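Chains L and Y are the protein sequences, given in the same order.
In the numbering used here, each residue's number is its place in the first sequence (first place is 1) plus 141.
In the numbering used here, each residue's number is its place in the second sequence (first place is 1) plus 141.
First the structure, in the form of structure tokens, and then the observations on it.
2 protein chains.
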Amino acid sequence: MENIVEKFKPLFSPRSVAFVGASNRPGKWGSIILGNLLGAGFEGRVYPVNPKEKTIQGLRAYRALADIPDRPDLAVIVVPPPAVSTVIDQCITAGVRACVVITAGFAELDEAGARLQQEMVEKARAGGLLLVGPNCNGIMSPPEKLHVAMPPVYPPPGQVAIVAQSGNVATSIARRVMKRGFGVSRFVSSGNEAVLHCEDYLAYLADDPRTRVILSYVEGFRDGRRFLEIAGAVSRKKPIVILKAGGTEAGARAAMSHTAALAGSDATFDAVCRQAGVVRARDMDDLVNMGVSFVRQPLPGGRRAGIITAGGGWGVLAADACVRAGLQVPALPPETLSELDTFLPPWWNRGNPVDLVAGLQREHLWKGLECLLRCDAVDGIILLGIMPALPIKPLPPRPSPEVIEERQADLLAAAGELFDRFMEMAHDFGKPVVVASEFPVHSPDLEIHMAARLGEREHVCYARPEDAATVLAGLAAYAENTRHPRPTPGRVLKKEAISGEAKQNVA
Amino acid sequence: MENIVEKFKPLFSPRSVAFVGASNRPGKWGSIILGNLLGAGFEGRVYPVNPKEKTIQGLRAYRALADIPDRPDLAVIVVPPPAVSTVIDQCITAGVRACVVITAGFAELDEAGARLQQEMVEKARAGGLLLVGPNCNGIMSPPEKLHVAMPPVYPPPGQVAIVAQSGNVATSIARRVMKRGFGVSRFVSSGNEAVLHCEDYLAYLADDPRTRVILSYVEGFRDGRRFLEIAGAVSRKKPIVILKAGGTEAGARAAMSHTAALAGSDATFDAVCRQAGVVRARDMDDLVNMGVSFVRQPLPGGRRAGIITAGGGWGVLAADACVRAGLQVPALPPETLSELDTFLPPWWNRGNPVDLVAGLQREHLWKGLECLLRCDAVDGIILLGIMPALPIKPLPPRPSPEVIEERQADLLAAAGELFDRFMEMAHDFGKPVVVASEFPVHSPDLEIHMAARLGEREHVCYARPEDAATVLAGLAAYAENTRHPRPTPGRVLKKEAISGEAKQNVA
């Protein structure tokens, strides 16, 4: 069998791209997407195909695929639905190995569309053609500067892969990854998944050396059993975090009309995730928050959280959120309490969360963190409030914009090293250290700059105590999966429950 | 009985402030908080009290309260715990009417602290002294430029009141309100609530003309029945949104050591909220998202959501989130579908969410919105994706920073009017229009600038489809409360369930 990375090379690392339906008319997809591809700096050859134009966006245009004096690896197809099938024939004849069908109006629309889609599927399968879509927003492969997609959003290269059954959600996820200062390895808006299904991309990404973690948005599965088998195998190699929509009756109806997906119930999908070792996210923010944590954090050996906080209320919120996320917040053993007693003031709360209380000193945070990392009763740390650890000058009352600017610069300069040290300690002790904090300077864009600065070094500072709990729970769920042998797929699920009729549980 | 607004005037609108424990030593609370008070531009008189200093931060210092040649309205107290009680005596003798006790080390610490607190309570009650704290972060009253608080965060004056049993959560809430471009009327970090309880502040804020909506963070109640009665009465006048922490066993333990609060179970608090007409938030973001919506949105007549979306996946996520938040997503009646048929392309999904599909035109969004507002089957609208409504020039591929800057400026200029029109339509039809969107330009700080620009006009653009659902559900919950007579308090609750022992349900 062909190596899967080799097989997908024409899709994610093509040497040349034919663009069927290329256009000079601004606002047309054939113009926007071709413009994005050229604008993103793709270094391979690009062949616009259009029967009526001589040149398109400065490139020589070809009347048909057959006229191109080359065998393009990839074809992008934006022609109307009834014409797609013929273009597929031409692709196969021309030796094209992969195509992205942007065009909508297939199974998601009506019976006639479903027939057109079926025809496309049969031809692509017979011709061994990798086919993305139809009804999709495109693909991106930032390490290759390949941007075959609608949205004007250009993620930098990175280790986070995105596979989504919705173009706008795919883009929302990419934006969130970028806001965290991280980059993207591969981006797929998989649309109707007529030929290539979500699990096919997962199988490729498992072996793709550019990808460290896979984020996915799904509305439903064509073949739930196959998803379960493949995702189970992939998640032994790399973490998969999934946001699943359509779990309510109203959501399932919307999914049906959106991508013709049979959504299945929330409870069923929870079982699928547990069995396949997939981490489940509740929304797009959770998806990205959990996803980026896998890039750098060590995996915890269990679900027991040690919380250390510079503020009492944040500690209470984190403790609640841990329990709700399926973590434990154990009492600390006497030896850990005694160790903390040696440097914390006598009125410290002697509990978990460890409340560092007001007036604390810089080294208390480091010592406290080390105590918790050393504590056998704790598998991972949630650290709330980095302010005490920051070596910046105090703010004067009502600081001027110049002072704020100066402190912000100090803060940004200090933050990278601070998080380097957190991660060093995390890896020394083999326990994740998940940090959520606000900052001692109040400046509206500080968070954004901080995220970018930290993301460059693959660090994250979360905004809420709840986010830290969600992330630690995600790390713990994946860690369990890598430790324990799983039952063979299919044991807990009846076939129709995940791939059959859309009998929904309303949440 | 004295008018409650008059009664609280010495606290939130004092003409003069005595600062007992004022200090010249940087880093001491008596220095930081006094500095903040002076830096914030308070226009009343300020009297530092310190037995050892002649001047403090440029002001003449007094040896004792009795030496001040004035009757200060408010005293701020930062002296050590054993000295507080004596200062309270002096306050009463000097005719001080309100005080803020920042000092910690009372009931949250140990038995001895609890006794000191009890002594303080008895003296304050006997002397008719309003007392905030102890163990608190202070108060702010931005319309009066009064900033008696630790954090260097200066919210502008506005209509959102914040009452929190945690100083750091209070500050986190204030930061979030500011990030939305809104301002604050009153800010209270209520600490141990030895004398003034959460519900006392609510009672005041109900009549405070500066306050439009009340956001509160609570860990527990001293007297659950009293809270229920007062909150029930207040919520007939103004919306109260509450984030309740300590609902899990681990959270309750943390709350006990933080503010000596008996937290009570989540289920009990849900019942309290329903009965008192209080809107419950799940986290700090939800709290502020829901809170600011009350400033401008009309209240819905029911729980039926109409969703209109520029992207399919966002629509599915919103439909799921609506159902989970207790809203319905009804099918649209034939006449509404027919009306939408007249301008949407033939392949539109004919469902709710109304998916405006790719390639849509600007007026489709406005016409679609009007159709849903006119539709009798719908009580409130969720509008996802404002991009089609924006009259900005298309982006070139891989836009330069200058082009992004220019488009961002156009976008910011257009957004205020866009939201003005949304709100105009909302009020014309008496149905809320809750908007969540991303923006056609990808620029890291656009969201922050957009929030500030919209907030100036009391508009909000939410970041996630789920946020829009949460907000619409919050508006609906409050609307039900204002419409229906509620049963008399205490019917559904046994006394010990909300004020007695901390028997927790672990979620």
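Ideal placement from N, C-alpha and C gives every residue a C-beta, glycine not left out.
It should be emphasised that the depicted structure is a prediction, and the values quoted were computed from it without experimental measurement.
How would you label T483(L), buried or exposed, when you count the other beta carbons within 10 angstroms and need 16 or more for buried?
exposed
Could you work out which residue in S154(L), G332(L), S326(L) and P532(L) is closest to N309(L) when comparing CA atoms only?
G332(L)
Along chain L, which residues have their Cβ under 7 Å away from the Cβ of E579(Y)?
S313 and R316
Rounded to a whole number of angstroms, what is the C-alpha to C-alpha distance between A643(Y) and E249(Y)?
Note that A643(Y) scores 33 on pLDDT, short of 50, meaning its location in the model is unreliable; the coordinates nonetheless yield the value given after this. Answer to the nearest angstrom: the Cα atoms are 15 Å apart.
For G176(Y), tell me which candidate among E558(L), A592(L) and P537(L) has the shortest Cα-Cα distance.
P537(L)
For L215(L), I'd like the list of residues in its chain whose CB is within less than 8 Å of its CB, leaving aside the five on either flank, ordered along the chain.
P151, L152, P155, S157, V158, A159, V237, R238, A239, C240, V241 and V289
Please check if any C-beta of chain L sits within less than 7 Å of the C-beta of T389(Y).
yes
Can the beta-carbon of V301(Y) be found closer than 7 Å to that of V318(Y)?
yes
Taking E360(L) as the query, report the chain Y residues whose CB atoms sit under 8 Å from its CB, ordered along the chain.
G454 and V457
Just checking: is the beta-carbon of S584(L) within a distance shorter than 7 Å of some beta-carbon in chain A?
This model lacks chain A altogether, as its protein chains are L and Y.
Simplified DSSP assignment, three categories, for P585(L):
coil
Should the segment 478–496 of chain L be regarded as contacting the segment 261–272 of chain Y, the criterion being three or more beta carbon pairs within less than 8 Å?
no
Alpha carbon to alpha carbon, what distance is there between F563(L) and E511(L)?
10 Å
Is any beta-carbon of chain Y found at less than 7 Å from that of S398(L)?
yes
If you follow the beta strand (DSSP E) that V575(L) is in, where does it begin and where does it stop?
V574 to A577
Would A518(Y) pass as a contact of P471(Y) if the rule is Cβ separation under 7 Å?
yes
Who are the Cβ neighbours of M566(L) in its own chain at under 8 Å, not counting the five residues just before and after it?
L510, E511, L514 and V574
Compare the C-alpha of D349(Y) against each of A577(Y), A207(Y) and I145(Y) and name the closest.
I145(Y)
Excluding the 5 residues preceding and the 5 following V633(Y) in the sequence, name in chain order all residues of the same chain whose CB lies nearer than 7 Å to its CB.
Its pLDDT being 40, under 50, V633(Y) is placed unreliably by the model, and the measurement read from it follows with that caveat. These residues qualify, in order along the chain: A412 and Q416.
Just grab the DSSP bridge partners of P189(L) for me.
F160(L)
A253(L) versus F247(L) - alpha carbon distance:
7 Å
Kindly give me the distance between the Cβ atoms of R353(Y) and V436(Y), rounded to whole angstroms, as I take these residues to be in contact under 8 Å.
6 Å
Can you pull out the residues from the segment 583–606 of chain L whose beta carbon lies closer than 9 Å to at least one beta carbon of chain Y?
H583, P585, D586, E588, I589, H590, A592, A593, A604, R605 and P606
Measure the CB-CB distance between F328(Y) and I303(Y) and report whether it falls below 7 Å.
yes
Say the cut is 6 Å; is the CB of D569(Y) nearer than that to a heavy atom of the ligand GTP?
This structure does not include the ligand GTP; it has no bound ligands of any sort.
Nonlocal neighbours in the same chain, by C-beta distance under 8 Å from A207(Y), ignoring five residues either side
Q231, T234 and A235
Just to make sure I have the definition right: I need the residues of chain L whose C-beta is within less than 8 Å of the C-beta of D348(Y). Which are they?
The premise fails here: D348(Y) is roughly 27 Å from chain L at the closest Cβ pair, so nothing lies under 8 Å.
Name, please, each residue of chain L whose Cβ falls closer than 9 Å to the Cβ of G180(Y).
P537, P538, R539 and P540
With 7 Å set as the bound, which would you pick, yes or no: does the beta-carbon of N490(L) sit closer than that to a beta-carbon of chain Y?
yes
At the level of alpha carbons, what is the spacing between Q645(L) and V576(Y)?
Because Q645(L) sits at a pLDDT of 33, beneath the cut-off of 50, its placement in the model cannot be relied upon, and the following sentence gives the value as read from the coordinates. Those two C-alpha atoms are separated by around 28 Å.
Can you tell me the Cβ-Cβ gap for P189(L) and L178(L), rounded? I've got them flagged as a contact below 8 Å.
Rounded, the Cβ-Cβ distance is 10 Å, inconsistent with contact.
Burial state of K193(Y), where buried means 16 or more other Cβ atoms lie within 10 Å:
exposed
Report yes or no: is there a C-beta of chain L within less than 7 Å of the C-beta of S307(Y)?
yes
Residue range of the unbroken alpha helix (DSSP H) whose run includes F570(L)
P542 to F570
For Y342(Y), the three-state DSSP class (helix, strand or coil):
helix
With H, G and I counted as helix, E and B as strand and the rest as coil, what does DSSP make of G268(Y)?
helix
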